[in-house]
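A.B. asks:
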Amino acid sequence: MPGLVLFGRRWAIGSDDFVLPGAFELFVRLVWWIGIFVLYTVHKGQFNCPGGGLLHSYLLGLIILLASIICALCALVYVSMQGTISNPGPRKSLPKILYTRLLLYFPEFIWAVVGAVWVSDNSVQCEKTVINGVIGTVIASWIIIIFTIIGVVIVFDPLGGKKTFYLPEGVSRNLESSHSGQLLYNVKSSATRVWEKRIRLLCCCIVQDDDHRVAFTSIAELFRSYFSDTDLVPSDIAAGLILLHQEQDKMENCPKEPEEVLCHSPSSLVTDDLDVELENAAHYMLFAAAAYGWPYYVYTNPYTALCKLNGDCCRNRPTESDITGSDRHNFHFGSILKITGLQYRDFIHISFHNKIYEIPFFVALDHKKEAIVVAVRGTLSFEDILTDLSADCEDLTLEEVLENGFVHKGITQAANYIYRKLINDGILNQAFTIAPEYKLVIVGHSLGGGTASILAIMLRNSFPTLRCYAFSPPGGLLSKSLADYTKHFIVSIIVGKDLVARLSMPNMEDLKRRIVRIVANCNRPKYQILLRGCWYEVFGGDPDDFPTELDGRSQDALTQPLLAEESLMVHRSPSYNALEEEPHLSSPPQYPHLYLPGKIIHVVEECSSRRLCSSDIKYTARWSNETVFSSILISPKMITDHMPDVVLKALNSLSQEHGSCLSC
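Going by full-length UniProt numbering, the final residue of the sequence shown carries number 664, and the count climbs one at a time with no gaps.
#1: How many Å lie between residue 192 and residue 156 at the Cα?
#2: Please report how far the alpha carbon of residue 39 lies from the alpha carbon of residue 133, in whole angstroms.
#3: Below 8 Å between beta carbons: does that hold for residue 65 and residue 108?
#4: Report the residue ranges of all alpha helix (DSSP H) runs contained in full by the segment 349-406; include only those spanning at least 4 residues, in chain order.
#5: Taking its Cβ as the centre, do 16 or more other Cβ atoms sit within 10 Å of residue 246, making it buried, or is it exposed?
#6: Short of 7 Å in beta carbon distance, which residues of its chain neighbour residue 67, apart from the five on each side in sequence? Order them along the chain.
#7: At a cut of 8 Å, does the segment 644-655 reach the segment 493-510 through at least three beta carbon pairs?
#8: Locate the alpha helix (DSSP H) running through residue 456, then write down its first and last residues.
#9: Are there three or more Cβ pairs, one per stretch, closer than 8 Å when the segment 20-27 is compared with the segment 237-246?
#10: Between 618, 626, 8, which lies nearest to residue 665 when the distance is taken from Cα to Cα?
#11: Determine the DSSP secondary structure at residue 685, reduced to helix, strand or coil.
#12: Considering only their Cβ atoms, is the gap separating residue 486 from residue 446 smaller than 8 Å?
#13: Can you tell me whether residue 341 is helix, strand or coil according to DSSP?
#14: Just mark residue 388 as buried or exposed, buried being the case when its beta carbon has 16 or more other beta carbons within 10 Å.
#15: How about residue 478 and residue 595: are their beta carbons less than 8 Å apart?
#16: If contact is defined by three or more beta carbon pairs under 8 Å, each pair taking one atom from either stretch, is the segment 365-378 in contact with the segment 428-447?
#17: Are the segment 84-96 and the segment 513-526 touching by the rule of at least three beta carbon pairs closer than 8 Å?
#18: Roughly how far, in whole angstroms, is the beta-carbon of residue 418 from the beta-carbon of residue 380, given that I think they are within contact range, below 8 Å?
#19: In whole angstroms, give me the CA-to-CA distance for residue 92 and residue 152.
#20: My output table needs one value for residue 28: the three-state DSSP class, helix, strand or coil.
#21: Let me know if residue 297 comes out buried or exposed under the rule of 16 or more other beta-carbons within 10 Å of its beta-carbon.
#22: Just confirm the distance between the C-beta atoms of residue 621 and residue 286, as a whole number of angstroms; I'd bet it's less than 8 Å.
#23: Return the CA-CA distance between residue 475 and residue 391, expressed in angstroms with no decimal places.
#24: By Cβ distance, which residues of its chain are closer than 7 Å to residue 510, with the 5 residues on each side in sequence left out?
#25: What are the start and end residues of each continuous alpha helix (DSSP H) run of 4 or more residues lying completely inside the segment 49-82, in chain order?
#26: Take residue 462 as the anchor and find which of 432, 239, 482, 469 has the nearest alpha-carbon.
#27: Within a Cβ cutoff of 7 Å, which residues of the same chain sit near residue 505, ignoring the five residues on either side of it in sequence?
#28: To the nearest angstrom, how far is it from the Cα of residue 31 to the Cα of residue 104?
#29: How long is the line joining the alpha carbons of residue 218 and residue 231, rounded to whole angstroms?
#30: Could you say which of 334, 144, 448 lies nearest to residue 102 if we only look at CA atoms?
#31: Look at residue 235 and residue 512 and say whether their C-beta atoms are less than 8 Å apart.
Below, the structure written as structure tokens:
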């Protein structure tokens, strides 16, 4: 950090990123050199065989070449270890060493070709040990060359060498000038095109229409605006996450409890209300999990699922159910039946149709709770990911609501699709014709939870008794006015340090600034941060107390950005120069604040363990406030706490604990 400038362009790698890969290659080269040297020494006088003269020259040249590479690698690793992340000054000689190391690839390539030719020559009659040694050398050479090429492709920055991005020193930085305005337009357009190409490449296997193209452009603009105001390379982000995690763990280990605003007093009435909602949530989470179909069923029953599903695959689908979309071998429907425990006749409509902004769902009769359940599937395909990432805000126009607000664009379009199917196709009318006394309940997990919440807002006027249970919904979903409006009929359930529930653009901006701040002011080299961080994540122990420039500063001083932070946010390589009208490090956020829907139940581990493989976990639940989820928490469980099987396990544990207490 900042990104390494080599051959007149910026690369997505820092000058301090060569310690670990360089040390690994150095180890391989040393072992290789020792093996070749021993082979040459043992067979020094035995090169009289046909082709032996060429072999002698090949081994001798290889020994000299490997020795040169080892010396270059030693210098590369040593220089890369110097300085800190935000102080690359001691590493200013590293580009020259890299040029030397890259030049050595040319003789190595020639030697690899010569070795391959020698090995393939059938007239060579030398000792088999020597031939095998040369074959191993040739294979090792080509493997290293191939991996080097792959590494160059990975760290290649498409924006690193575009001369149109450079702002000449004599040109005014006033963005209103025509020249600066044109440069700004070139920066934005080129960066957006690069991100759009990356997204198209990732989604190359799906059929792309106009909706996809619009989504690609929107998502590319989002990524461009987010990554345009810093000069971070991937390893800097990894180091920042490690430091933030350890800093967070140190704060959690303090006697003072983390600030969390609870929405109730410990009265028995509110406690009973929480217990009822937890029991309902545990029941309806089965429907939300079942919406994932056979992938979820196989994931939770890896040894028996396929055998059980094969027994049902040949059954005819019920005529009472309206099933749309592809469900080859009846696996999806069979999984839904087994997870929910319902009968064929209980399903009103099942849709497996999946496109961008159009996600699968099913409508079923729940006789146990006397409810018509609409279950919406969460993220399970590239189309769903595009829906998630279409994170622009749009107005939600509703009648009889005091104040309309902003909502997540992609999820709102998915909710509109399901709304049209339920109302225009008469699906809900059909359901209430069969069970007129039943209430309407909408459920979903992750993307399905967010879609279910907005769908519930749309249906609220027509069905005043409607209830919605959103499991792990996205954090950036509703504006404050709409979030408050939904507290009467939506309950959100969040487990632990779930990342998705805290995922919003303001929170992502906050995370970026926290990473920049802690990385820029850490006085340890990056390789030490990464090595100690990996040890901490795998084996635990006490968080490292990394000294930083923040130590000893007054509270007032801490509110001001340090020089290292300023350099990371402003003084960038030419391609990333400060042409954007992005806010300064201390400026207010540029994205509107969106919140979780409804009342929030936060389920946390009672005896928290950082390790992923902890057993006998006990959970506790409490009413919480949306402000608790205004910051992303770094943890090994930030992903696993979002998984539907973990959410279901936590809710079942709480429900069983409540049931055992009642029986006692």
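The beta carbon of each residue, even a glycine, is placed where N, CA and C say it ideally should be.
C.D. replies: According to the structure shown:
#1: 17 Å
#2: 8 Å
#3: yes
#4: 382-389
#5: Around the beta carbon of residue 246, 16 or more other beta carbons lie within 10 angstroms, which makes this residue buried.
#6: Same-chain partners within the cutoff: 33.
#7: yes
#8: Start and end: 447-459.
#9: Judged by Cβ distances under 8 Å, the segment 20-27 makes no contact with the segment 237-246, as fewer than three pairs qualify.
#10: It is not possible to answer for residue 665, since the shown part of the chain is limited to 1 through 664.
#11: As shown, the chain starts at 1 and ends at 664. That puts residue 685 outside it, with no answer to give.
#12: no
#13: coil
#14: Of the residues assessed, residue 388 falls on the buried side of the cut-off, its CB having 16 or more other CB atoms within 10 angstroms.
#15: yes
#16: yes
#17: yes
#18: Contact flag wrong, Cβ pair sits at about 16 Å.
#19: Spanning the two alpha carbons is a distance of roughly 21 Å.
#20: helix
#21: It is buried - the Cβ of residue 297 has at least 16 other Cβ atoms within 10 Å.
#22: The pair is not a contact, with the Cβ atoms about 18 Å apart (cut-off 8 Å).
#23: 11 Å
#24: 631
#25: Every alpha helix (DSSP H) of 4 residues or more that sits fully in the segment 49-82 is shown, in chain order, as 52-80.
#26: The shortest Cα separation from residue 462 among 432, 239, 482, 469 belongs to 432.
#27: Exclusion of the five residues before and after residue 505 leaves 391, 476, 591 as the residues of its chain whose Cβ lies within less than 7 Å of its Cβ.
#28: Cα to Cα, the separation comes out at about 18 Å.
#29: 23 Å
#30: 144
#31: no
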